[in-house]
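For the sequence shown, numbering that gives the first Met the number 0 assigns the number 0 to the initial residue and increments by one for each residue that follows. Even glycine gets a Cβ: it sits at the ideal position worked out from N, Cα and C.
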Amino acid sequence: MISVDSIGVEFSGSTLFNDVSFVVNENDKIALMGKNGAGKSTMMKIIAGMSKPTKGAVRFPKETVIAYLPQHLLTDDDCTVFEEASKAFQHIFEMQTRMDELNKSLETRTDYESAEYMSIIEQVTELGESFYAIEEINYDAEVEKALQGLGFKREDFNRPTSSFSGGWRMRIELAKILLKKPDLILLDEPTNHVDIESVIWLEDFLINKAKAVIVISHDRAFIDNVTKRTIEVTMGKIYDYKANYSHYLELREERRAQQIKQYQEQQKVIADNKTFIEKFKGTYSKTNQVNSRERMLEKMVLIEIDEVDTASLRLKFPPAPRSGDYPVTALDLSKSYGEHVVFKNASLSIARGEKVSFVGRNGEGKSTMIKAIMGEIDFEGTCELGHNAKVGYFAQNQAALLDEDITVFQTVDQVADGDIRTQIKNILGRFMFSGEDIDKKVGLLSGGERTRLAMVKLLLAPVNVLILDEPTNHLDLKSKAVLKEALMDFEGTLILVSHDRDFLKGLSEKVFEFKDQRVMEHFETIDEFLIRNRIENLKEIDLKK
């Protein structure tokens, strides 16, 4: 059991938390929710021991193992993927080495009655009890299973970590965490940059194998599937619900409705008493009553209505000219990097107004196909845009490509043309940039703010083909819902790459699956595809055990 006792956190005179307490029990699966800036990541770092509260403490038994996966991390670049993942067992290897050193020392010493000899005996005994209490493990097999479950292939094991993207490095760190078999796993946005199959594998692990889990996530399907308890951080305090995220939203609305009712009743009581006091103040016969009511008002604890994040993205794609019947076609398309074949002889045709999803594990060619469509890479075969196709393209790293040295306003002003330049402030306001925000340097923006700014650039020119590669990374749940609604209303052609199942559902009527160097066309909705493949994937995982 892990106990958060009366935690308080203050920054520059302002209070982030005040007297927050809760208990994490064995096998608890908790979603930590709240608006951006409420303090979720700070709370997680305090539990992980990476930050200190201003007051209060986190208490747990000495042998408790807590593992933490932050949003942004860097693994070492001086070793291979397999070596980095094996560091999960470093403490065990160190115990073995230390025991060997102590036993060797005992073999050579002859001072059997000395205090130093007895101290070595005690150390060996204590270490031995801990070491032999650990169940016998085939460490290499465990590392291999974890890495493969998270999407790595055998040929990746001996590649240096420096050759992988940030998303893949995060998977290496996640593998290390899973291998430690901790008592509590803390996950801050674990599904960012992770493909659907790996998310399903992670879900299965957290539900069936992990002990206690606390997770911060904008992936609604993920947190609904994994968690059974929701702790909301708001206005310096918490609310603890024995409910998953979807049920918590209903309970939160009921709570706010009750707060509003109680607040209105209290305000009426306050107004009535103030009216009485003003009316009879100075009236001798009413002095005791006036004094009594004044004391009552002074002691009254005012009811607060919990804040609601009213900032809302307002998004509507502008109308665009009509394209030809097939704005995107590819025939016998092949792409290789050296000896590595991404896909071969791939063919696809996407009709005007069609909404399709590209799905598959990372590295199977989804983004490569998009780059071929955009003419950004060389390839074999043909890939063409149809008549009058006007493409809006949001790349996976679009937010990272923004110039960090200029302001939000300057970013949009650079690409705005004609009369639209007079509307820049209004457009930015629709994307939740207002007041001082528009003069902020891009380098100071959060991941979600950068993604929203990249979206602004996308909307400045009318398009009839939208190609979006992981557009929801770093967007909060509300912004994702608004983007999804706008895409459903979009009358043009949509090609969407996303690992977010809740976001994908209801958005596409055809699926192109990238797998084993092939591109397979499925005439089914993404909902049907995910239901079918979730069962298949979990069976495959069972076979690997």
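For residue i, the three-state DSSP class (helix, strand or coil)
i	result
THR309	Below a pLDDT of 50, predicted positions are generally treated as unreliable, and THR309, at 48, falls in that range; the measurement from the model is reported next regardless. Three-state DSSP puts THR309 in coil, outside helix and strand.
SER507	coil
TYR138	helix
PHE59	coil
ASP271	helix
MET49	coil
TYR336	strand
GLU9	strand
HIS498	coil
PHE3	The sequence as given places Val at residue 3; Phe does not occur at that position. VAL3: strand per DSSP, three-state reduction.
TYR238	strand
ALA66	strand
ARG531	helix
ILE302	coil
HIS521	strand
PHE16	strand
ASP187	strand
GLU277	helix
ALA329	strand
THR229	strand
SER343	Note that residue 343 is Lys in the sequence shown, not Ser. The answer is strand: DSSP assigns LYS343 an E or B state.
VAL212	strand
THR79	strand
VAL23	strand
ILE143	The question names Ile, yet the displayed sequence has Glu at residue 143. Reduced to three states, the DSSP call for GLU143 is helix.
From the options, residue whose alpha carbon lies closest to that of residue i
i	options	result
PRO320	LEU444, GLN95, VAL464	VAL464
LYS545	ARG255, GLU508, MET295, GLY337	For residue 545 there is no data in the structure shown, the boundaries of the chain being 0 and 544.
ASP526	ILE423, THR160, VAL355	VAL355
ASP402	ALA66, VAL441, LYS424	VAL441
GLY374	VAL289, HIS386, ARG360, VAL390	VAL390
SER348	ILE119, PHE522, SER284	PHE522
THR381	ASP331, GLY447, GLY337	ASP331
LYS103	ALA114, GLU93, ILE119	ILE119
LYS509	SER497, MET519, ASP499, THR524	THR524
MET0	ILE6, GLU62, MET519, GLY7	GLU62
GLU486	GLU448, GLU353, GLU100	The sequence as given places Leu at residue 486; Glu does not occur at that position. Nearest of GLU448, GLU353, GLU100 to LEU486, Cα basis: GLU353.
ARG531	ALA66, ARG517, PHE163, GLU512	GLU512
GLU128	ILE91, GLU484, LEU459	ILE91
PHE378	VAL212, GLY434, GLY337, GLY235	GLY337
LEU458	ILE65, LEU384, LEU482	LEU482
ASP549	LEU146, GLN516, LYS260, MET431	There is simply no residue 549 to check, as the chain begins at 0 and stops at 544 in what is shown.
VAL64	LEU177, GLU125, SER322, GLN258	LEU177
GLU25	PRO181, LEU101, ALA174, ARG97	PRO181
Own chain, CB closer than 6 angstroms to residue i, minus 5 neighbours either side, in chain order
i	result
VAL232	GLY33, ALA37, GLY38, LYS39
GLN397	ALA453
PHE88	TYR138
SER2	VAL22, ARG58
ASP148	The question names Asp, but residue 148 is Gly in the sequence shown. So the list reads TRP200, once near-sequence residues are dropped.
ALA240	Contrary to the premise, residue 240 reads as Tyr rather than Ala in this sequence. Once the five neighbours on either side are set aside, the close Cβ partners of TYR240 are THR229, TYR247, LEU250.
LYS479	THR471, PHE502
THR309	Because the pLDDT of THR309 is 48, which lies under 50, any placement of that residue in the model is unreliable, and the number read from its coordinates should be weighed accordingly. Answer for THR309: no residue qualifies.
GLN69	Before going on, a small fix: residue 69 reads as Pro here, not Gln. ASP187, listed in sequence order.
SER197	LEU149, GLY150
ALA388	SER322, PRO326, VAL464
PRO461	PRO317, ALA319
Spatial neighbours of residue i in its chain, beta-carbon cut-off 8 angstroms, leaving aside the 5 residues before and after
i	result
LYS456	THR410, VAL411, VAL414
GLU9	LEU15, THR53
LYS514	GLY359, ARG360, GLU363
ILE269	LEU296, MET299
LEU301	GLN265
SER216	ALA30, LEU186, GLU188, PRO189, THR190, ILE222
Beta-carbon proximity list for residue i, same chain, < 7 angstroms, skipping 5 on both sides
i	result
SER50	THR41, LYS44
ILE420	Looking at the sequence shown, residue 420 is not Ile but Arg. The answer, listed in chain order, is ASP412.
LYS280	VAL289
ASP4	SER20, GLY55, ALA56, ARG58
ALA350	ASP324, TYR325
Item to check | Any 3 or more C-beta pairs closer than 8 angstroms across the region 27 to 35 and the region 215 to 230 | outcome: yes
Checklist entry - Are the region 101 to 114 and the region 179 to 193 in contact at 8 angstroms, needing three or more beta carbon pairs? => result Cβ pair count under 8 angstroms is below three, so no.
Checklist entry - Counting Cβ pairs, one atom from each stretch, are 3 or more of them under 8 angstroms apart for the region 321 to 337 and the region 489 to 498? => result yes
Checklist entry - For the 8 angstroms Cβ check, are there 3 or more pairs between the region 202 to 210 and the region 2 to 21? => result no
Checklist entry - Quick one: complete beta strand (DSSP E) runs, 3+ long, within the region 355 to 416? => result 379 to 384, 390 to 393
Checklist entry - Counting Cβ pairs closer than 8 angstroms, one from the region 217 to 224 and one from the region 496 to 504, do we hit at least three? => result yes
Checklist entry - Taking one C-beta from the region 358 to 367 and one from the region 330 to 346 each time, how about it: are there three or more such pairs within less than 8 angstroms? => result Yes, since at least three Cβ pairs between the region 358 to 367 and the region 330 to 346 fall closer than 8 angstroms, the two stretches touch.
Checklist entry - Can we say the region 468 to 476 touches the region 377 to 396, given the rule of at least three CB pairs closer than 8 angstroms? => result yes
Checklist entry - Which residue spans inside the region 430 to 492 form an unbroken beta strand (DSSP E) run of at least 3? => result 464 to 468
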